[in-house]
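Engineer: Residue numbers for the sequence shown follow numbering that gives the first Met the number 0, so the first one is 0 and each next one is one higher. Using N, Cα and C, we set each Cβ at its ideal position, and we do this for glycine too.
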Amino acid sequence: MLDKLNAIYQRYVEITNEMNDPDVMKDMKRYIKLNKDYKELTPVVEAFRAYQSVLKGLEDARDILSNEKDEELKEMAKEELSILTEKKDKMEEDIRVMLIPSDPQDGKNAIVEIRAGTGGDEASIFAGDLYRMYTRFCENKGWKIDVVDYTEGTVGGYKEVIFDVSGENVYGQLKYESGVHRVQRVPKTETQGRIHTSAASVVVLPEADEFDVELKPSEIRKDTFCSSGPGGQSVNTTYSAVRLTHIPTGVVATCQDQKSQLKNYEKAMAVLRSRIYEMEYQKYLDDVSHKRKTMVSTGDRSAKVRTYNWPQSRVTDHRINLTLYNLQTIIDGDVQPLIDALQLAENAERLKEAVG
Numbered sequence: 000m001l002d003k004l005n006a007i008y009q010r011y012v013e014i015t016n017e018m019n020d021p022d023v024m025k026d027m028k029r030y031i032k033l034n035k036d037y038k039e040l041t042p043v044v045e046a047f048r049a050y051q052s053v054l055k056g057l058e059d060a061r062d063i064l065s066n067e068k069d070e071e072l073k074e075m076a077k078e079e080l081s082i083l084t085e086k087k088d089k090m091e092e093d094i095r096v097m098l099i100p101s102d103p104q105d106g107k108n109a110i111v112e113i114r115a116g117t118g119g120d121e122a123s124i125f126a127g128d129l130y131r132m133y134t135r136f137c138e139n140k141g142w143k144i145d146v147v148d149y150t151e152g153t154v155g156g157y158k159e160v161i162f163d164v165s166g167e168n169v170y171g172q173l174k175y176e177s178g179v180h181r182v183q184r185v186p187k188t189e190t191q192g193r194i195h196t197s198a199a200s201v202v203v204l205p206e207a208d209e210f211d212v213e214l215k216p217s218e219i220r221k222d223t224f225c226s227s228g229p230g231g232q233s234v235n236t237t238y239s240a241v242r243l244t245h246i247p248t249g250v251v252a253t254c255q256d257q258k259s260q261l262k263n264y265e266k267a268m269a270v271l272r273s274r275i276y277e278m279e280y281q282k283y284l285d286d287v288s289h290k291r292k293t294m295v296s297t298g299d300r301s302a303k304v305r306t307y308n309w310p311q312s313r314v315t316d317h318r319i320n321l322t323l324y325n326l327q328t329i330i331d332g333d334v335q336p337l338i339d340a341l342q343l344a345e346n347a348e349r350l351k352e353a354v355g
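1) State the Cα-Cα distance for the pair residue 334 and residue 136, rounded to the nearest angstrom.
2) Going along the chain, which residues of its own chain have a beta-carbon closer than 6 Å to the beta-carbon of residue 276, five neighbours each way excluded?
3) Can you tell me where the beta strand (DSSP E) with residue 253 in it begins and where it stops?
4) Could you check where the alpha helix (DSSP H) with residue 31 kicks off and where it finishes?
5) Near residue 204, which residues of its chain fall below 6 Å by C-beta distance, leaving aside the five closest residues on each side in sequence?
6) Can you name the residues that DSSP bridges to residue 162?
7) Take the Cβ of residue 69 as the centre, count every other Cβ of all protein chains shown within 10 Å, and call the residue buried at 16 or more, exposed below.
8) Assign residue 197 to one of three DSSP states: helix, strand, or coil.
9) Compare the Cα-Cα distances from residue 303 to each of 179, 94, 270, 170 and report the closest residue.
10) Return the residue from the list 58, 71, 173, 97 that minimises the CA-CA distance to residue 83.
11) For residue 146 versus residue 107, is the C-beta distance shorter than 8 Å?
12) In three-state DSSP terms, what is residue 270?
13) Could you compute how far the alpha carbon of residue 47 sits from the alpha carbon of residue 56?
14) Straight-line CA distance for residue 128 to residue 76?
15) For the alpha helix (DSSP H) containing residue 178, list its first residue and its last residue.
16) Any idea if residue 305 is buried or exposed, counting beta-carbon neighbours within 10 angstroms, 16 or more meaning buried?
17) Using DSSP with H/G/I as helix, E/B as strand and the rest coil, what is residue 151?
18) What first and last residue would you give for the alpha helix (DSSP H) that runs through residue 219?
19) Grab the span of the alpha helix (DSSP H) containing residue 120 for me, first residue to last.
20) With burial defined as no fewer than 16 other Cβ atoms inside 10 Å of the residue's Cβ, what is the status of residue 67: buried or exposed?
21) Within the continuous alpha helix (DSSP H) that includes residue 89, where are the two ends?
22) For residue 214, does the three-state DSSP call read helix, strand or coil?
23) With distances taken from CA atoms, which of 265, 225, 259, 329 is nearest residue 243?
24) Can you tell me which of the three DSSP states residue 229 falls into?
25) Can you tell me where the alpha helix (DSSP H) holding residue 370 begins and where it ends?
26) In whole angstroms, give me the CA-to-CA distance for residue 95 and residue 41.
27) In the DSSP assignment, find the alpha helix (DSSP H) that holds residue 308 and state where it starts and stops.
28) Grouping DSSP H, G and I as helix and E and B as strand, with all else coil, what is residue 207?
29) Is the beta carbon of residue 253 closer than 8 Å to that of residue 267?
30) Just curious, the beta strand (DSSP E) that residue 169 is in, first and last residue?
31) What's the gap between the Cα of residue 3 and the Cα of residue 17?
32) In angstroms with no decimal places, state the Cα-to-Cα distance between residue 221 and residue 159.
33) Measure the C-alpha to C-alpha separation of residue 162 and residue 134 and round it to an integer number of angstroms.
34) Nearest by alpha-carbon distance to residue 39: which of 176, 123, 14 is it?
35) By alpha-carbon positions, which one of 311, 347, 113 ends up nearest to residue 148?
Structure, rendered in structure tokens:
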């Protein structure tokens, strides 16, 4: 482990020197890549420095025990040795997890797409509940949300809502939410009081930037139309809404949330770029899914990942068989305990991979 940490530290020093090189600073693409690597390595280097400090303390304590004649000093060194040994074991465990190769996309912003599935109007209402849940979760994290496109349900909620999330390590947290979410409750539209099961799908994409995907303007068809509100009626008379079609792949992205056509174009372009980028990224996810049993962040969009049972106030994540009985707290935005548990399960799988 020390050899690996020393190699990382050497790379960290190299990156620091390169970033201060005026020639490198002129090459924006290279500078952004170095800056990203620098940010990723910084926590490991800080942990390595703290670990070195503990190793030095252990060495000093052992030296006192071997060579010092003063009994009081020896007793203090014995106590210090016990504390530092425990600290060292804990640090080694944490560093092993840090050394597991992370998903290269984790630091990116994300594009989240929520779509009503089976269950008619109740599925749209549930999609709206999920959107509210993620909005509150993101607000609590200090992340910024930008709606890209939406289609409202006929009695509330959304048939579809797409939004950007930007902030620190967004994709690394939200990627666990991809999949089919199921709700079991008495719908507002039900008069007999029977429990129904409805579903909504959540797709989380890492937001691609122009360095990830190069799109040629000649390969993109742009259509403009009037933004529409509930029921499909036009809400303005200007052609500000934008639909972009990538001709080679047939991928389509639409944005009608902004009043400015230019802003809608930029947002639609970000979604288009991310969807095309995801095609390549999906190969990586498929490879991961063959190695891991937990189905965590493997991108299988058809997989039922979570059930929200209102009568029992129960939320069950089927990937790790975790059940929590605080549904209202979770639906009000406290998704972190679920994400933490999923992250822990994935780290355990990755640790097995690394050792195996």
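Structural biologist: Put simply:
1) For this step, residue 334 is matched to residue 335 along the sequence shown. For this step, residue 136 is matched to residue 137 along the sequence shown. Looking at the two C-alpha atoms, the distance is approximately 7 Å.
2) To locate residue 276, count along the sequence shown from 1; it is residue 277. If we look at residue 276 and ignore the five residues flanking it on each side, its Cβ neighbours are 207, 211, 212.
3) For the purposes of this step, residue 253 is taken as the residue at position 254 of the sequence shown. Run containing residue 253: 250-254, per the beta strand (DSSP E) assignment.
4) Translated into the one-based positions of the sequence shown, residue 31 becomes position 32. Going by DSSP, residue 31 is part of the alpha helix (DSSP H) stretching over 27-66.
5) If you number the sequence shown from 1, residue 204 lands on position 205. The answer, listed in chain order, is 110, 273, 277.
6) The residue labelled residue 162 in the question sits at position 163 within the sequence shown. BP columns for residue 162 point to 111, 146.
7) Stepping through the sequence shown from its first residue, residue 69 is reached at position 70. With fewer than 16 other Cβ atoms inside 10 Å of its own Cβ, residue 69 counts as exposed.
8) To locate residue 197, count along the sequence shown from 1; it is residue 198. Reduced to three states, the DSSP call for residue 197 is strand.
9) For the purposes of this step, residue 303 is taken as residue 304 along the sequence shown, with counting starting at 1. Per the Cα distances, 179.
10) By one-based count along the sequence shown, residue 83 stands at place 84. Answer by Cα proximity: 58.
11) Here residue 146 is taken as the residue at index 147 of the sequence shown, counted from 1. Here residue 107 is taken as the residue at index 108 of the sequence shown, counted from 1. No.
12) The sequence position of residue 270 within the sequence shown is 271, counting from 1. Helix at residue 270.
13) Walking along the sequence shown from the start, residue 47 turns up at place 48. Walking along the sequence shown from the start, residue 56 turns up at place 57. Answer to the nearest angstrom: the Cα atoms are 14 Å apart.
14) Start at 1 with the first residue of the sequence shown, and residue 128 comes out as number 129. Start at 1 with the first residue of the sequence shown, and residue 76 comes out as number 77. When rounded, the distance between both Cα atoms is 58 Å.
15) Here the question's residue 178 lines up with position 179 in the sequence shown. Looking at the DSSP string, residue 178 is not in any alpha helix (DSSP H); the run it does join, the beta strand (DSSP E), is 178-184.
16) One-based indexing of the sequence shown puts residue 305 at position 306. It counts as buried.
17) Working through the sequence shown from its first residue, we reach residue 151 at position 152. In the structure shown, residue 151 sits in a strand (DSSP, three-state: E or B).
18) Translated into positions along the sequence shown, residue 219 becomes position 220. Residue 219 -> not in any alpha helix (DSSP H); beta strand (DSSP E) instead, spanning 219-224.
19) Against the sequence shown, residue 120 aligns to sequence position 121. Taken as a continuous stretch (DSSP letters only), the alpha helix (DSSP H) holding residue 120 covers 119-140.
20) Looking up residue 67 in the sequence shown gives position 68. Exposed, because fewer than 16 other Cβ atoms sit within 10 Å of the Cβ of residue 67.
21) Walking along the sequence shown from the start, residue 89 turns up at place 90. Here the alpha helix (DSSP H) through residue 89 covers 70-97.
22) Reading the sequence shown from its first residue, position 215 is the one you call residue 214. In this structure, residue 214 counts as coil in the three-state DSSP scheme.
23) For the purposes of this step, residue 243 is identified with residue 244 of the sequence shown, where counting begins at 1. Nearest of 265, 225, 259, 329 to residue 243, Cα basis: 265.
24) Translated into positions along the sequence shown, residue 229 becomes position 230. Caution is warranted here: a pLDDT of 48 is assigned to residue 229, below 50, making its placement in the model unreliable, and the coordinate value is therefore given only provisionally. Helix at residue 229.
25) Here the chain comprises residues numbered 0 to 355, so residue 370 is not present and cannot be evaluated.
26) Taking the first residue of the sequence shown as position 1, residue 95 is located at position 96. Taking the first residue of the sequence shown as position 1, residue 41 is located at position 42. Answer to the nearest angstrom: the Cα atoms are 15 Å apart.
27) Position 309 of the sequence shown, counted from the first residue, corresponds to residue 308. That residue, residue 308, is in no alpha helix (DSSP H); its beta strand (DSSP E) goes 303-308.
28) Locating residue 207 in the sequence shown gives position 208, counting from the first residue. Correct three-state label for residue 207: coil.
29) Here residue 267 is taken as the residue at index 268 of the sequence shown, counted from 1. Here residue 253 is taken as the residue at index 254 of the sequence shown, counted from 1. Judged by beta-carbon spacing, residue 253 lies within the 8 Å limit of residue 267, meaning their Cβ atoms are closer than that value.
30) Position 170 of the sequence shown holds residue 169. Counting along the chain, residue 169 falls outside any beta strand (DSSP E), though it belongs to the alpha helix (DSSP H) covering 169-173.
31) Position 4 of the sequence shown, counting from 1, holds the residue named residue 3. Position 18 of the sequence shown, counting from 1, holds the residue named residue 17. Approximately 21 Å between the Cα atoms of the pair.
32) As a first step, residue 221 must be located in the sequence shown, where it is residue number 222. As a first step, residue 159 must be located in the sequence shown, where it is residue number 160. Distance between the alpha carbons of residue 221 and residue 159 is about 21 Å.
33) Taking the sequence shown and counting its residues from 1, the one referred to as residue 162 is at position 163. Taking the sequence shown and counting its residues from 1, the one referred to as residue 134 is at position 135. C-alpha separation (whole angstroms): 10 Å.
34) The count along the sequence shown starts at 1 and reaches residue 39 at position 40. Residue 14 is the option with its Cα nearest to residue 39.
35) The sequence position of residue 148 within the sequence shown is 149, counting from 1. From the listed residues 311, 347, 113, the smallest Cα separation to residue 148 is found for 113.
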